[in-house]
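In this text, residue positions in the sequence shown follow my numbering: the first is 16, and each later residue adds one. Below: one structure, written as structure tokens.
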Amino acid sequence: MCVIVSACPVGAIKQRKIGPILADYPEIDEDKCTECGICIKECPHGAAYKE
Ligand code: SF4
């Protein structure tokens with residue numbers, strides 16, 4: 016499981032299977048997200064970012 020899913024204090028990140036090989040990708044629920052920035056710091060691949 017993606018580490019940022021469990022790092023989010025409000026449970027705003029879920030994993031979803033997308034693409035032809037149904038790979039797991041994290042998806043953020045914008046309504047729940049408090050923009051605390053924890054997932055940005057915790058993502059080991061630098062894939063989480065804020066626009
Ligand atoms: S920025 Fe949003 S999605 Fe990321 S850890 Fe904080 S509340 Fe969760």
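For each residue, glycine too, the CB sits at the ideal point set by N, CA and C.
With a cutoff of 7 Å, E50 counts as near the ligand SF4, since its C-beta is closer than that to a heavy atom of the ligand. Residue nearest to A38 within the set A63, K56, G61 and M16 is M16 (criterion: CA-CA distance).
Within the model, the alpha-carbon separation for I43 versus A27 is close to 6 Å. C51 sits exposed, since fewer than 16 C-beta atoms from the chains shown fall within 10 Å of its C-beta. In its chain, beyond the 5 residues on either side, M16, C17, V20, D39, Y40, P41 and E42 have a beta carbon closer than 8 Å to the beta carbon of Q30.
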